[in-house]
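Here's the structure we're looking at; comments come further down.
Residue numbers (the working numbering), protein chains in the order written: chain W, 1 to 415; chain Z, 416 to 538.
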């Protein structure tokens, strides 16, 4: 193996809302040399195609669009002596934090004091959910349709059906309606919408677009181009109910059926992943199981609000800077598990004795008048409790634990 | 409108409690809100049911570039029924490069009291 030709205190992989914040966080915490590597030609990640507003409510205290949010973060970034490389791909990452980078200037090895993973996520495809039928043109993931419409000015079809009620699917239902495309309906296999309620109202109800719960697409028809899809209701086990099929003529099918953290590099670096989040197992410093490698944003777990991805980025960048400066980073040993009605709680590990840590969690299904309890698994001591009027799986929630903790914890929700 | 009351159900989005509001309307302009745990829920529900306001976003090609798009939105929300008339105005826009973020592309669009602004810098 060649020797690294270049060293940096902190290398951030990915220039979206999490990665931009991580690079800034690292600089602000005193990292001398920071490198940000972005695969695309421009910074901003998925923000660039999210032209709708609703971004920045927490970070900037006002509602702005995705491109504005990205530009503001980039403006902060370019004021700092941070080396930014776009059109550059990290091909490999070792547990010792050596990165193989391919860029316009060629291929080289870079040694990092600490690494922040901020690669984001990608969309689940037709193949991954195995929709039967023919293989015509006209089947898009919601995000790729968003890119084609908003950034490339394509008209992607005339009549669309949307499978899955993720936020991007809902946003695209409205966007296509604006472009004169008839949206015949949104079909969701679960008994509840997976996107935010605000989007159900403002993107579907406003335009009379039907949302059919407990139903799914069971067949795609058409030879060269989609001609119709067959939808059916599903039973409790989410299996299609024979006899409930109906044919919907359309030339376009959009899929908004889930996002998957993009952790190929993390795996190469030996980072332990959680089957519940699809992202790294981290401690309260956002450090993964590989010392000196940190994770934040959608590569860590899927967020519904970009601002939270950025807040994680600021924190992860700051901790990475301190780690690179030699602050001993002991991996957490206290384990936090998801109890009744909780899909996951993050961080999953905690340094013994840590206090004032905030957990992110999601519920498994919608709950009302709920009490969220963080309890010690050995002593049964309640470390935190918080009441919620309503909890939806679509909304990432937070609960702060003020006391110092040195026993394993369980986060649970009770109606 | 018939004499039968119209019932709308919506979730209050003013705070994280997320009260589930029920708004009943009879033939007149009388509106009755229930389900709210605080006073703020009432004007929210009334406006949302009687005069909903929305922002909108789209993108338009920039002249003088290789088909680069500039994203746009309104500087503030407008009555929902103005969405499509405003979109038609925006569809005619062909801004020239350079375009700066925040630049007003249509001032006071259709007398709605808000501007169409660029949300991205294209140079």
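The beta carbon of each residue, even a glycine, is placed where N, CA and C say it ideally should be.
Here the structure is a predicted model, which is why all the values come from computation and not from measurement.
Judged by beta-carbon spacing, residue 110/W lies within the 8 Å limit of residue 101/W, meaning their Cβ atoms are closer than that value. By the Cβ-count criterion, residue 500/Z is exposed, with fewer than 16 other Cβ atoms from all chains shown falling within 10 Å of its own Cβ. Judged by DSSP secondary structure, residue 144/W falls within the alpha helix (DSSP H) whose first and last residues are 142 to 150.
The beta-carbon of residue 263/W is placed no less than 8 Å from the nearest beta-carbon of chain Z. Taking C-beta atoms as the reference points, residue 295/W and residue 274/W fail to come closer than 8 Å.
Per DSSP, residue 71/W is not a residue of any beta strand (DSSP E); the alpha helix (DSSP H) it occupies stretches across 66 to 78. Not one beta carbon of chain W lies nearer than 8 Å to the beta carbon of residue 526/Z. Using a CB distance cut-off of 8 Å, residue 484/Z counts as an interface residue toward chain W. A residue is called buried when at least 16 other Cβ atoms come within 10 angstroms of its Cβ; residue 365/W does not meet this threshold and is exposed.
Following the DSSP letters along the chain, one finds residue 168/W inside the alpha helix (DSSP H) bounded by residues 167 to 178.
Residues of chain Z whose Cβ lies closer than 7 Å to the Cβ of residue 153/W are, in chain order, 476, 482, 484. If you check each beta-carbon in the region 369 to 390 of chain W against every beta-carbon of chain Z, the ones closer than 7 Å belong to 389, 390. For residue 107/W, the number of other beta carbons within 10 angstroms of its own is below 16, and it is reported as exposed. About 16 Å separates the CB atoms of residue 396/W and residue 374/W; that is not less than 8 Å, and the two are not in contact. Residues of chain W whose Cβ lies closer than 7 Å to the Cβ of residue 434/Z are, in chain order, 389. Judged by their CB atoms, residue 269/W and residue 94/W are nearer to each other than the 8 Å cut-off. Taken in chain order, the members of the region 39 to 52 of chain W whose beta-carbon sits within less than 8 Å of a beta-carbon on chain Z are 48, 51, 52. Linking residue 323/W to residue 28/W through their CA atoms gives a straight-line distance of about 14 Å.
Burial check for residue 348/W: the Cβ neighbour count within 10 Å reaches 16 or more, so the residue is buried. For the pair residue 394/W and residue 307/W, the CB atoms are not nearer than the 8 Å cut-off. Counting along the chain, residue 307/W sits inside the alpha helix (DSSP H) bounded by residues 306 to 324.
Within chain Z, the residues placing a beta-carbon under 9 Å from that of residue 178/W are 471, 472, 473, 498, 499, 502, ordered along the chain. In the three-state DSSP reduction, residue 104/W falls in the coil class, being neither helix nor strand. At a cut-off of 8 Å between beta-carbon atoms, residue 188/W makes no contact with chain Z. With a threshold of 8 Å between beta carbons, residue 428/Z makes contact with chain W. Taking C-beta atoms as the reference points, residue 262/W and residue 286/W fail to come closer than 8 Å. Of the candidates 229/W, 189/W, 198/W, 189/W places its Cα closest to the Cα of residue 241/W. Looking at the DSSP output, residue 413/W bridges to 372/W.
Contact annotation for residue 202/W against chain Z: 469 [CB-CB distance below 7 Å, chain order]. Pairwise C-beta distances place the region 240 to 254 of chain W in contact with the region 141 to 157 of chain W, as three or more of them are shorter than 8 Å. For the region 134 to 151 of chain W, the set of positions with a beta-carbon nearer than 7 Å to some beta-carbon of chain Z reads 150, 151 in chain order.
C-alpha of residue 363/W to C-alpha of residue 344/W: approximately 7 Å in a straight line.
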